[in-house]
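J.: Going by our numbering, the first residue of the sequence shown is number 169, and it counts up by one from there.
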Amino acid sequence: MLCPKATTMQKTQRLRLLPLLLLALMLGASAWVSASANIHDVRMWRSPDNTRIVFDLDQAIEHKVFVLKNPDRVVIDIPRASIKADVGTMEWQGTPVQNLRTGIHNKDTLRVVLDLSKSVQAKSFFLKKTAGFNHRLVIDLEDKAATKDVASRTVAASHKEKRALIIAIDAGHGGEDPGAVGPGNVYEKQVVLAISKELEKLLEKTPGYKAMLIREGDYYISLSGRRELARRAQADLFVSIHADSFTSPKAYGSSVFALSSRGATSTFAQFLADKENLSDLVGGVSLSDKDEVLSSVLVDLSMTHKQEASIDVGSSILREMGQISRLHSKRVELAAFQVLKTPDIPSVLVETGFISNPVEARKLKTTAYQRQIAQAIFNGVDEFYNRRPPEGTYIAWKKSQGNGEARYIVSRGDTLSGIASRYSVSLNDLRSRNSLASSNLRIGQELLIPLNP
């Protein structure tokens with residue numbers, strides 16, 4: 169046991185050491201602050217009205233961005249940083265950037281200057297390191313002259329001024345966010361964009377439809393931005409196309425999802441929703457300017473009606489998907505997918521398969537299978553709208569004439585009696601309209617379905 173005198177001496181020694189400890193901590197903190205961050209890569213993505221420049225760093229940084237005139241420039245100051253990336257080989261064609269220059273400002277600040285061909289609105293934000301991604305400084309240059317109203321490209325009178333149905337096609341992920349990556353480097357963002365463009369072709373050549381691609385190239389759009397583009401285009405239906413992955417390569421099959429405001433219908437649906445909802449963090453989205461309305465509680469009455477329509481059209485798509493692929497779930501699943509939270513537009517998310525499954529990955533990257541998937545989605549959408557055409561549309565008008573008809577492409581497993589039952593037409597009428605001597609069908613055969621008012 170220590171005597172009281174020894175205890176007092178120990179206390180005195182501790183007090184003498186305290187200033188030294190504080191000094192050491194201060195020196196350590198100063199050394200940490202002055203540590204240099206390295207920019208080891210610079211990447212650029214171009215969208216229709218926006219240029220995104222991404223700086224990959226090995227540690228967190230502070231930064232300042234400002235715009236200068238005469239000539240037009242954007243200046244990015246990053247204290248205690250150095251650039252290791254080769255920016256001299258970057259290509260800026262099709263963007264407002266003409267050149268990127270770097271230098272040292274005030275002894276310890278890296279200054280990056282973007283020389284511009286025209287004025288832009290500049291925004292910036294920093295993303296901390298996440299699984300698979302480094303620290304990132306994101307600079308968005310928005311074209312001032314670019315129009316945000318896409319409705320003029322999609323809303324058009326057709327067929328004796330009877331309104332065309334506008335289908336918004338959302339290819340998931342893109343740009344900074346590759347989505348799932350399967351064996352053989354099969355990228356989800358590439359597969360779903362190819363499927364979306366095939367679906368666009370089918371809709372555009374069919375009377376009564378207009379297609380709108382949410383994403384037309386390899387760039388990222390935020391989840392709320394995708395919904396907003398569909399709303400501005402006054403879309404009748406929002407179809408989000410994905411090809412996800414799972415922790416096990418054995419997971420397989422297609423699925424269709426609609427929005428749930430009360431929780432997921434299965435653990436797997438919740439898993440996928442949670443995974444897709446992280447897309448903004450991967451793709452790079454500022455969290456400081458979220459739309460209060462879109463983030464608020466859904467409008468109950470509108471949501472109930474739109475959810476019923478979403479489940480109905482989703483069921484039609486799921487039946488068609490089942491003709492060309494195995495189904496992961498035989499019912500439309502419900503989960504809180506952020507991209508589907510558009511209460512005034514029926515919305516579905518189609519999982520075309522699992523890129524993490526080697527067999528499905530090989531199929532998904534082929535043009536032939538991508539066209540089959542697009543055809544299945546189109547058939548489901550077309551079947552739904554021929555049963556429930558909105559008032560004032562060309563399809564509703566044609567059906568009211570008593571001589572309307574729908575096109576149907578025969579898929580594996582189809583029977584003539586099954587198709588007749590699905591469209592509520594008699595087997596004899598179906599045979600007669602297509603000049604069929606028997607009920608035999610072949611895959612890929614086109615049938616005309618008579619629609620009675």
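Backbone N, C-alpha and C define an ideal beta-carbon position, used for all residues, glycine too.
For residue 311 versus residue 217, is the C-beta distance shorter than 8 Å?
T.: The count along the sequence shown starts at 1 and reaches residue 311 at position 143. The count along the sequence shown starts at 1 and reaches residue 217 at position 49. Cβ atoms of residue 311 and residue 217: closer than 8 Å.
J.: Identify, in the order they occur along the chain, each residue of the same chain with its Cβ nearer than 6 Å to the Cβ of residue 263, setting aside the five sequence neighbours on each side.
T.: Within the sequence shown, the letter at position 95 stands for residue 263. So the list reads 214, 219, once near-sequence residues are dropped.
J.: Do residue 245 and residue 232 have their CB atoms nearer than 8 Å?
T.: For the purposes of this step, residue 245 is identified with residue 77 of the sequence shown, where counting begins at 1. For the purposes of this step, residue 232 is identified with residue 64 of the sequence shown, where counting begins at 1. Yes, Cβ-Cβ distance for residue 245 and residue 232 is below 8 Å.
J.: When you compare only the Cα positions, how much space is there between residue 543 and residue 339?
T.: In the sequence shown, the residue the question calls residue 543 occupies position 375. In the sequence shown, the residue the question calls residue 339 occupies position 171. Using only the alpha carbons, I get a separation of about 16 Å.
J.: Count the other CB atoms, across all protein chains shown, that sit within 10 Å of the CB of residue 625; report buried if there are 16 or more and exposed otherwise.
T.: In the structure displayed, the chain extends from 169 to 621; residue 625 sits before or after that span and is not available.
J.: Specify the secondary structure class of residue 308 as computed by DSSP and reduced to three states.
T.: To locate residue 308, count along the sequence shown from 1; it is residue 140. Residue 308: strand per DSSP, three-state reduction.
J.: Does DSSP put residue 624 in a helix, in a strand, or in coil?
T.: Any question about residue 624 goes unanswered here, given that the chain covers just 169 to 621.
J.: When we look at the beta-carbon of residue 337 and count the other beta-carbons within 10 Å, is it buried (16 or more) or exposed?
T.: As a first step, residue 337 is located in the sequence shown; it is residue number 169 there, counting from the start. So residue 337 counts as buried.
J.: Would residue 576 and residue 547 be called neighbours here (beta carbons separated by less than 8 Å)?
T.: Numbered from 1 along the sequence shown, position 408 holds the residue referred to as residue 576. Numbered from 1 along the sequence shown, position 379 holds the residue referred to as residue 547. Yes, Cβ-Cβ distance for residue 576 and residue 547 is below 8 Å.
J.: In the DSSP assignment, what residue or residues form a beta bridge with residue 345?
T.: The residue you call residue 345 lines up with position 177 of the sequence shown. Bridge partners of residue 345: 342.
J.: Which runs of the beta strand (DSSP E), 3 residues or longer, sit entirely within the stretch 348-410?
T.: Entirely contained in the stretch 348-410, the beta strand (DSSP E) runs reaching 3 residues are, in chain order, 377-381, 405-410.
J.: Could you spell out the range, first to last residue, of the beta strand (DSSP E) harbouring residue 581?
T.: Locating residue 581 in the sequence shown gives position 413, where the first residue counts as 1. Here residue 581 belongs to no beta strand (DSSP E), and DSSP marks it neither H nor E.
J.: So residue 548 is in the alpha helix (DSSP H); what residue range does that whole segment cover?
T.: For the purposes of this step, residue 548 is taken as residue 380 along the sequence shown, with counting starting at 1. Residues 535-555.
J.: In terms of residues, what are the limits of the beta strand (DSSP E) holding residue 213?
T.: As a working mapping, residue 213 is identified with position 45 in the sequence shown. Per DSSP, residue 213 belongs to the beta strand (DSSP E) from 205-215.
J.: So, residue 392 versus residue 427, is the Cβ gap smaller than 8 Å?
T.: Locating residue 392 in the sequence shown gives position 224, counting from the first residue. Locating residue 427 in the sequence shown gives position 259, counting from the first residue. Cβ distance not < 8 Å, so residue 392 and residue 427 don't count as in contact.
J.: Please report the residue range of the beta strand (DSSP E) in which residue 519 lies.
T.: By one-based count along the sequence shown, residue 519 stands at place 351. From DSSP, the beta strand (DSSP E) with residue 519 extends over 515-519.
J.: Under a three-way DSSP split, which group does residue 492 fall into?
T.: As a first step, residue 492 is located in the sequence shown; it is residue number 324 there, counting from the start. Reduced to three states, the DSSP call for residue 492 is helix.
J.: Hey, residue 335 and residue 409: beta-carbon distance below 8 Å or not?
T.: Position 167 of the sequence shown, counting from 1, holds the residue named residue 335. Position 241 of the sequence shown, counting from 1, holds the residue named residue 409. In this structure, residue 409 does not lie closer than 8 Å to residue 335 by Cβ.
J.: At which residue ranges does the stretch 586-613 contain complete alpha helix (DSSP H) runs of 4 or more residues, listed in the order of the chain?
T.: List check, alpha helix (DSSP H) in window: 595-601.
J.: Bridge partners for residue 289 per DSSP, in chain order?
T.: In the sequence shown, counting from the first residue as 1, residue 289 sits at position 121. According to DSSP, which records beta bridges pairwise, residue 289 is partnered with 310.
J.: Have a look at residue 266 and residue 491 and give me their C-alpha separation to the nearest angstrom.
T.: The sequence position of residue 266 within the sequence shown is 98, counting from 1. The sequence position of residue 491 within the sequence shown is 323, counting from 1. Distance between the alpha carbons of residue 266 and residue 491: 51 Å.
J.: Is it true that the CB of residue 421 sits closer than 8 Å to the CB of residue 521?
T.: Numbered from its first residue, the sequence shown carries residue 521 at position 353. Numbered from its first residue, the sequence shown carries residue 421 at position 253. Taking 8 Å as the Cβ cut-off, residue 521 and residue 421 qualify as a contacting pair.
J.: Looking at the strands, I want to know which residues DSSP matches up with residue 574.
T.: In the sequence shown, residue 574 corresponds to position 406, counting from 1. Answer is 617, bridged to residue 574.
J.: In the DSSP assignment, what residue or residues form a beta bridge with residue 283?
T.: Working through the sequence shown from its first residue, we reach residue 283 at position 115. Its beta-bridge partners are 241, 267.
J.: Does the stretch 369-381 touch the stretch 557-565, meaning 3 or more C-beta pairs lie closer than 8 Å?
T.: Contact between the stretch 557-565 and the stretch 369-381 is present, because at least three Cβ pairs lie under 8 Å.
J.: Around the Cβ of residue 234, are there at least 16 other Cβ atoms within 10 angstroms (buried) or fewer (exposed)?
T.: The residue labelled residue 234 in the question sits at position 66 within the sequence shown. Burial call: exposed.
J.: Quick test of your reading: residue 541 and residue 413, contact by CB under 8 Å. State the CB separation rounded to the nearest angstrom.
T.: By one-based count along the sequence shown, residue 541 stands at place 373. By one-based count along the sequence shown, residue 413 stands at place 245. That belief does not hold up - the Cβ atoms of residue 541 and residue 413 are roughly 17 Å apart, past 8 Å.
J.: Please determine, among 369, 349, 366, 211, the residue with the shortest C-alpha to C-alpha distance to residue 260.
T.: Along the sequence shown, read from residue 1 onward, the residue named residue 260 stands at position 92. Comparing Cα positions, the closest option is 211.
J.: Going by beta-carbon coordinates alone, are residue 357 and residue 350 separated by less than 8 Å?
T.: Taking the first residue of the sequence shown as 1, we reach residue 357 at position 189. Taking the first residue of the sequence shown as 1, we reach residue 350 at position 182. The answer is no: Cβ separation not under 8 Å.
J.: Tell me, please, whether the CB atom of residue 354 is closer than 8 Å to any CB atom in chain C?
T.: This model lacks chain C altogether; it includes just one protein chain.
J.: Return the Cβ separation of residue 553 and residue 333 in integer angstroms, given the expectation that the two are a contact with Cβ distance under 8 Å.
T.: What you label residue 553 is simply residue 385 of the sequence shown in a count that begins at 1. What you label residue 333 is simply residue 165 of the sequence shown in a count that begins at 1. Indeed they touch by this definition, with Cβ atoms about 6 Å apart.
J.: Do residue 305 and residue 389 have their C-beta atoms within less than 8 Å of each other?
T.: The residue you call residue 305 lines up with position 137 of the sequence shown. The residue you call residue 389 lines up with position 221 of the sequence shown. Taking 8 Å as the Cβ cut-off, residue 305 and residue 389 do not qualify as a contacting pair.
J.: Between which residues of its own chain and residue 271 is the CB-CB distance below 6 Å, once the five residues before and five after are set aside?
T.: Walking along the sequence shown from the start, residue 271 turns up at place 103. Contacts found: 279.
J.: Three-state secondary structure (DSSP) at residue 567?
T.: In the sequence shown, residue 567 corresponds to position 399, counting from 1. Looking at residue 567 - three-state DSSP - the assignment turns out to be helix.
J.: Going by DSSP, which residues form a beta bridge with residue 484?
T.: Here residue 484 is taken as the residue at index 316 of the sequence shown, counted from 1. Beta-bridge pairing links residue 484 to no other residue.
J.: Give me the Cα-Cα distance between residue 404 and residue 513, rounded to the nearest whole angstrom.
T.: Reading the sequence shown from its first residue, position 236 is the one you call residue 404. Reading the sequence shown from its first residue, position 345 is the one you call residue 513. Spanning the two alpha carbons is a distance of roughly 6 Å.
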